[in-house]
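Enquirer: In the order they appear, the protein sequences are chains A, B, C and D. Mapping the first sequence onto my numbering, position 309 (from 1) lands on 309, and the numbers just tick up by one. Mapping the second sequence onto my numbering, position 185 (from 1) lands on 185, and the numbers just tick up by one. Mapping the third sequence onto my numbering, position 69 (from 1) lands on 69, and the numbers just tick up by one. Mapping the fourth sequence onto my numbering, position 61 (from 1) lands on 61, and the numbers just tick up by one. For reference, the structure I am asking about is given below.
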Amino acid sequence: MDKKTLIMPFGIPGHNLTQIEREVPADEPPAWPVNAELKEVGKSVKRVDARAKVTGQAKYTSDIQLPGMLYGKMLRSPYPHARIRNIDTRQVERHPGVLAVHILGKDISMAGSKDESADNYPEVKYIGQPIVGVAALNDNTAIEALKLVKIDYEVLPFVVDLEKARMEGAPLVFEAPVEKEASDGGEEIEKGLSLSGNVRGPSRGQPRGDTQKGFAESDIVIERTYVTQVHMHNPLETHGVVVDWKPDGMLIYASTQSTKGVRDEFAQLFGFRKSQVRVITEYMGGGFGAKYGAGNFGVMAGHLSRKSGRPVRLMLDRKEEQLTAGFRPNSVHQLKIGAKKDGKLSAIQQRSYGTAGVGLGAGVGSIAQNMYECPNFATEQYDIFTHFSPGAAWRAPGAVQGAFGLESLIDEIAESLNIDPLKYRDIIDKSEVRKVERQKGAELFGWSKRKKAGSDPGPVKKGMGLAQSSWPRFTHLDSTAEVRLFRDGAVEVRSGVQDLGTGTKTILAQVVAEELGLKTEDITVRIGDTLFPDGPPSGGSVTAGSITPAARNAAYQAKLKLFRQIASKLDTTPDKLMTADGKIYVTGEPSKNISFADALKQMRTEQLTAEASRSDDYGGMSRDDLGSVQFAEVTVDTETGFVKVDRIVAAHSCGRPLNIAQIESQINGGIIHGISYALYESRVIDDQTGQMINVNFDQYKIPYAFEIPDIRTIILEEYPAKSSTDAYGIGEPANIATAVAVTNAIYNAIGVRIFELPVTPAKILDALKRA
Amino acid sequence: MNKFKWFNAQNIEEALERTNATVSDAINRGSADSAIIKSGGIELLDFIKEGIIEPAEIINIKSIPGLEGIAFDRTAGLRIGANTTLADIENNGDIKLQYLALHQAVSKAATPQLRNVSTLGGNIAQRTRCWYFRSIDHPCFRKGGTTCFAQNGENQMHAIMNNGTCCSVHASSVATALLAYGATVEITSRGGQKKDVSIDDFFVNPFTDIRRESVLRRGEIITAVNIPAQGKNVKSWYIKQGERASFDWALADVAVVVELSGKRVRKAAIAMGAASPVPVRSKAAEEFITGKDINATTAAEAGQKAMENATPLAKNGYKVDLFKTIVKRALLESV
Amino acid sequence: MKEENHADQNVCAYLRAKNPFGTLEGGGNPWLHLDTANTICWCVKSQGPIGPDARYVEPARCVSGRSCYTSPEFS
Amino acid sequence: MQDDHQKPRQELPKKGLSRRGFLKGAGLTTAGTVILQGGILGAEAAAVDKTLGPDAVTIQLKVNGIQRKIAVEPRITLADALRDKLNLTGTKVVCDRGSCCACTVWLNGKPVNSCMTLAMDATDAEVVTIEGLAQEDKLHPVQEAFIDHDATMCGFCTPGMVMTTAHLLENKPNANLDDIKHAIRGNACRCGTHPKVFDAALAAVQKMKKS
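The following block contains the structure:
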């Protein structure tokens, strides 16, 4: 591929900003200067869809009504573990208003009415596991109809508690590991990690050095166990779809973080080509990591639509959402860190257990491995299977649990070495970004006013704490955008990418406007539709970093095409043209110009289009991180045990910031999730029945107005020179440090450490009694 | 929700004639043919949505004229119609001045939106929020089952006193204040007979009857709540502690009403919600503080006394400390 | 680490994984960098982490020889 | 039908319908007697024909200033009636139990949870939904402030937040931050827009003072 060289801004303005030479593909646009020199990018531009949202016009999946649409509902297992002997749906089929009934088999793509037999029924392994679905004229009829289903269960022993599941003799979630099973060819198949009882692992990540030696050389070694709870996603819009199956393809409205992922799964399951399946996600009521794939509810809706010949809407209700739609796994995290007298870390060893129910993914991430310099590192992460619905990725999966342990223990080591926790990070953290964030954050926060732990007089005590985060700069290269210019003046950017509420639509409009010398409001954004080129799935904070370079590149290519068409009209050559302030100029001769709108009128065709994709990172892929530092001040009432977070200062970087207000909003969100994780939210399961009992917004406590502290953000501009926009996401980084900054502040207030989340009044009172 | 019929009652008699079950009856005896009274409807709808009851008919009493309103008289006291919304109680100037603890309790109940709809009658007649009781998947004693799941289960929100049979706590924090003020509940029954039931007697302990939480029977309706006039030297205060400040059920709430003679307490009522299956007054704390000045020491001691008979369960021991503190603080704040 | 590097494996056509670490270098094979202790895996056929054979879903096990395995070529 | 909400809504009474005639003047016992007499007199009339449902019943209500007739089963909530019968899907159902206030609409001038209100209880009532808050194309100052201050993220809580905030400011033009928090204390947001909602609401107070 042809290459060219760009000189790009590199580093942190006001700190170490310099320039760097990057070899990039020849069709990449020229480098943008720093944000101060840009018009649309890096500003607090209003959300392009805000008006639709504040007027109630925005249509979400749950608002979609198609002609003839039916309402789907699913009957779910009331037992955590059972075998199904028989299912009788005859009465349901006769129920007035019911137009389709479907039973899910083990292989839900294949289970039609013909092979619905006991052999094909799945073994139920969690409460809420879907079994039968109906489509009816309305929701209430569907619910009534499901009461007529008769299922004969053989109830089996279950285990839902992490510790009990680890014990010998615990009811097994998965029997007979497939190790040493011969394949057709007679050879032994790959084993994977070992499974012993319900304990699977360990996953050892990427160890380095020799921890034994590291601990032996340490002047101080501290080992602690940190426990975190199960945290539910609870997006306000539940999981759900509207599916319209036709013999020649499917139309699906989905509340999803990945339109293309949903499309691909439906295509695979229903025997269509990907091009025959169209998925639309125009507005989406939050996901936080849990909304991936077709979902069993989606596939059920597909079958019901196929059987009834009508569109079917199937949205989970709040109870179903909490019971079955994912959660952040809990963790028991044993962490041991050794350090020298000067503070340098000599060894980190961790072992963790967590449960994602019947699923995997309950580890504590790689933050302990990555954030600080330490030559010796080892980890063992175990998954414990239980009879509960599977977990799902949740905003910085693993890292939030891992950070609670790591940043608590780093704080404790600093304390033991009699070094200020802020200064201590200067010793062990090599990140330039976090160094600047610590300085700026500490100043805004007033860290110098921090008092000795527990030194406030009286029963109500204040405390200050801080914590840091690290999240890799991920991108998803299969990210494409199209820019269309219309003769009537419209400029459109199109991509399959979805906007979860993060502001993707707006940043796409901003980068296209910037590239074309237009205003953000001049750009029409059409996304969330697989008719358009594929966008990235939104997870791992990849969206901004993946799709905005594609959009800018597409705008740049469209612009070049336009230049070629109108250059002669300005008596010049295309390479001399440039855009700014709604006009196309001849470089060096500003009087020779034409308005962008007039230029479009002169196009040879009604439409002009260009498509471009995310290129590989300039300068090669690297594993550097997005860092943040957060400071918390809390008030602890030592007589009641109640904690209130008074304020948070959050210093963050996400490459080139694209929209300041939207980044602030996302940081606010991450912080509020973190506070809630630290103090309020926890799934409660009754061990006797295996049921989640706080399965509503009434008893599952998410924060409201009075739980929100004063939040100040510092958004650090930082240019890694890696793409045409140099932007990165902020979703996960915003959420990692908050909870542990809060618990470190609690320590500072009361002089006692809490090792288990959420920090309830009971735990504070208990810790104070023990101290 | 199941299908049900709807009847707009124009008067109390009409409503009482049609009704054949309270919510508690419907939960325990099946609700297939039950006709249940609805005022604000929040509580009823909650049960129907959960599938815990499936009434055949709802008798709307919101449509009955004259069942709402607040009347205050310096000698006769306060009368609040059963259909009066919590919002109207919250915003009533007389109540704010004369019955501060009631104002505080009401304004901390639920959310502003719910207070616009919830009525006083419905609030005190509501059932416990025990998460087992509210779960259709847990057939507990109170729903005619054979066990209390909370005794050996998730009892962190539950009762720390009188908790041997069923350890649920009553949901109404308004009731805590009413108890401290010595309110009476006016109950009207078929044929128009009325009785005034002291709020102490209105609530029913599970060891008396586990299937109900108040004396209200079918064919009866709460028509008003009366609160005696409070003397000039009466002070009151209410504190509620939930997990969240924004809106929440009480983990512990306390209403204190004290009559002072100079600085000395002549008479005291200290009521606690979320401590016991029904709101309770602490006689020990009241007796202790009577005849004494309220100061940090005596208030703290009263808090200790209030918890003398606490029998916390495995996960709710912290509530004992919580009550000690808020009894103390409510006493201190009241003066 | 070695036991979790599945770059050389023909994993089942119906396996999906959501692992942020896997998308680092793009492309359609997220399990190239998979660390299943921090990854959500699911089977498209069963729409969950329990495979059609009632065993759990993970790249190392969703390979040729498993009864529900489908080669990517035939999907 | 879909376009109805774009028509201007009529002015609504700000304080809603209140029946403050209760017990005022008349002695307490008298009022009780009146009720009972009414009951006796009404007993004969209380025949089966007064029972409605369980099948669909036609009710009238005024929504966003327009008189509407809809057929609803008594079990249908106001939220579902608005969303399914009138296609006013701006009102969102989130928790479905009155614990999140996403479904907030004004019923006779007061913000209520439409998910916990049966449509029957809105008979002859005046309802304002998010679609009816703007006057023609002129947004309510609270709506403008939400746009200006980035007070929406996913937008699912937004209709409820806006309706709650707008009601506060219509009734308390000098609202401060504490008033705002008190008013929206029941409105859940999962994205964490609260700080921006506070900013927007305070800005709207200023905006409304000027206008």
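Even for Gly, the Cβ is constructed at its ideal location relative to N, Cα and C.
Report whether the distance from the Cβ of A/THR725 to the nearest heavy atom of the ligand SAM is below 7 Å.
Expert: With respect to the ligand SAM, the structure offers nothing, as it holds no ligand at all.
Enquirer: Taking only the alpha-carbon atoms, compute the straight-line gap between D/ALA43 and B/ILE222 and give it to the nearest angstrom.
Expert: Unreliable placement is indicated for D/ALA43, whose pLDDT of 40 sits below 50; the coordinate value is still reported in the next sentence. Between D/ALA43 and B/ILE222, the C-alpha separation is close to 20 Å.
Enquirer: Report the rounded CA-to-CA distance for A/VAL262 versus A/ASP499, giving the unit in angstroms.
Expert: Cα-Cα distance, rounded: 15 Å.
Enquirer: Taking Cβ-Cβ distances shorter than 8 Å, what residues in chain D pair up with B/ASN20?
Expert: In chain order: nothing, as chain D lies at least about 14 Å away.
Enquirer: For the beta strand (DSSP E) that A/PHE486 lies in, which residues bound it at each end?
Expert: 480-486 is the span of the beta strand (DSSP E), which, as asked, contains A/PHE486.
Enquirer: Excluding the 5 residues preceding and the 5 following A/MET69 in the sequence, name in chain order all residues of the same chain whose CB lies nearer than 6 Å to its CB.
Expert: If we look at A/MET69 and ignore the five residues flanking it on each side, its Cβ neighbours are PRO311 and ARG313.
Enquirer: I'd like to know whether the C-beta atoms of A/ALA26 and A/GLU407 end up nearer to each other than 8 Å.
Expert: No.
Enquirer: State yes or no: is the beta carbon of D/ASP274 nearer than 8 Å to at least one beta carbon in chain A?
Expert: Outside the displayed span of chain D (1 to 211) sits residue 274 of chain D, for which this structure offers no information.
Enquirer: At the 8 Å Cβ level, is D/THR152 part of the contact set with chain A, yes or no?
Expert: Chain A, which has a Cβ nearer than 8 Å to the Cβ of D/THR152, makes this yes.
Enquirer: Can you pull the chain B neighbours of D/ASN113, defined as C-beta to C-beta under 7 Å?
Expert: Result: GLN113 and LEU114.
Enquirer: Whether or not the stretch 640-654 of chain A and the stretch 666-680 of chain A are in contact is what I'm after, with contact meaning three or more pairs of Cβ atoms, one per stretch, closer than 8 Å; do they touch?
Expert: Contact holds: three or more Cβ-Cβ distances are below 8 Å.
Enquirer: On the DSSP bridge list, what partners appear for B/PHE203?
Expert: Answer is B/SER214, bridged to B/PHE203.
Enquirer: With burial defined as no fewer than 16 other Cβ atoms inside 10 Å of the residue's Cβ, what is the status of B/PHE207: buried or exposed?
Expert: Answer is exposed; the Cβ neighbour count stays below 16.
Enquirer: Going along chain A in order, which residues have a C-beta closer than 7 Å to the C-beta of B/ALA245?
Expert: By Cβ distance, chain A contributes PHE706 and GLU707.
Enquirer: Identify whether D/ILE76 lies in helix, strand or coil by the three-state DSSP scheme.
Expert: Looking at D/ILE76 - three-state DSSP - the assignment turns out to be coil, as it is neither helix nor strand.
Enquirer: Identify the contact partners of A/VAL225 in chain B, using a Cβ-Cβ distance below 7 Å as the criterion.
Expert: A quick correction: the sequence has Thr, not Val, at residue 225 of chain A. What A/THR225 touches in chain B: nothing, since even the nearest Cβ is about 20 Å away.
Enquirer: Ignore the nearest five residues each way along the sequence and tell me which others in A/MET464's own chain have a CB closer than 6 Å to its CB.
Expert: The answer, listed in chain order, is ARG450, GLU633, ALA745 and ASN748.
Enquirer: Helix, strand or coil for D/GLY160, going by three-state DSSP, please let me know.
Expert: Residue state, collapsed to three classes: helix.
Enquirer: Using DSSP's beta-bridge definition, name the partner residues of A/ASN86.
Expert: According to DSSP, which records beta bridges pairwise, A/ASN86 is partnered with A/ASP152.
Enquirer: Please list the residues of the stretch 663-695 of chain A that have a C-beta atom closer than 9 Å to any C-beta atom in chain B, keeping them in chain order.
Expert: Residues LEU679, TYR680, VAL684, ILE685, ASP686, ASP687, GLN688, THR689, GLN691, ILE693, ASN694 and VAL695.
Enquirer: Could you tell me whether the stretch 726-740 of chain A touches the stretch 400-418 of chain A, using the rule of 3 or more Cβ pairs below 8 Å?
Expert: Cβ pair count under 8 Å is three or more, so yes.
Enquirer: Taking D/GLU73 as the reference, give the member of B/ASP46, B/GLU54 and B/TRP6 with the closest Cα.
Expert: Ranking the options by Cα distance to D/GLU73, first place goes to B/TRP6.
Enquirer: Taking the alpha-carbon positions, what's the B/ARG266 to D/HIS140 distance?
Expert: Using only the alpha carbons, I get a separation of about 55 Å.
Enquirer: My assumption, with CB atoms under 8 Å, is that A/THR506 sits in contact with A/VAL41. Please give the rounded CB distance.
Expert: 11 Å between Cβ atoms; not a contact.
Enquirer: Apart from the five residues on each side of it in sequence, which residues of its chain come closer than 7 Å, Cβ to Cβ, to C/VAL44?
Expert: Cβ neighbours of C/VAL44 beyond the five flanking positions: TYR14 and ARG16.
Enquirer: Would you mind telling me which residues of chain B sit closer than 9 Å to A/PRO703, beta carbon to beta carbon, in chain order?
Expert: Neighbours of A/PRO703 on chain B, chain order: ARG244 and SER246.
Enquirer: Could you pull out every residue in the same chain whose Cβ sits closer than 8 Å to the Cβ of A/ARG604, ignoring the five residues on either side in sequence?
Expert: For A/ARG604, where only same-chain residues beyond five positions count, the Cβ hits under 8 Å are GLN565.
Enquirer: Closest Cβ-Cβ distance between B/TRP131 and chain A: below 8 Å?
Expert: So, interface residue.
Enquirer: Please list the partners that A/ARG47 has in chain D, where partner means a Cβ-to-Cβ separation under 8 Å.
Expert: Under the 8 Å cutoff, chain D gives ILE147, ASP150 and THR152.
Enquirer: I need the boundaries of the beta strand (DSSP E) containing B/ALA56, first residue and last residue.
Expert: No beta strand (DSSP E) holds B/ALA56; DSSP gives it neither H nor E.
Enquirer: If you follow the alpha helix (DSSP H) that A/HIS673 is part of, which residue opens it and which one closes it?
Expert: Run containing A/HIS673: 660-679, per the alpha helix (DSSP H) assignment.
Enquirer: Where are the alpha helix (DSSP H) runs, 4 residues long or more, that stay fully inside the stretch 39-83 of chain A, in chain order?
Expert: You should have 50-54.
Enquirer: Can you say whether A/PRO537 is buried or exposed, counting buried as having 16 or more other CB atoms within 10 angstroms of its CB?
Expert: That one is buried.
Enquirer: Could you check whether the Cβ of D/PRO173 sits closer than 8 Å to any Cβ belonging to chain A?
Expert: Closer than 8 Å: no.
Enquirer: Out of curiosity, what's the CA-to-CA distance linking A/ALA267 and A/LEU251?
Expert: Cα to Cα, the separation comes out at about 11 Å.
Enquirer: In this structure, how does DSSP classify B/GLN304 when only helix, strand and coil are distinguished?
Expert: Of the three classes helix, strand and coil, the one that applies to B/GLN304 here is helix, per DSSP.
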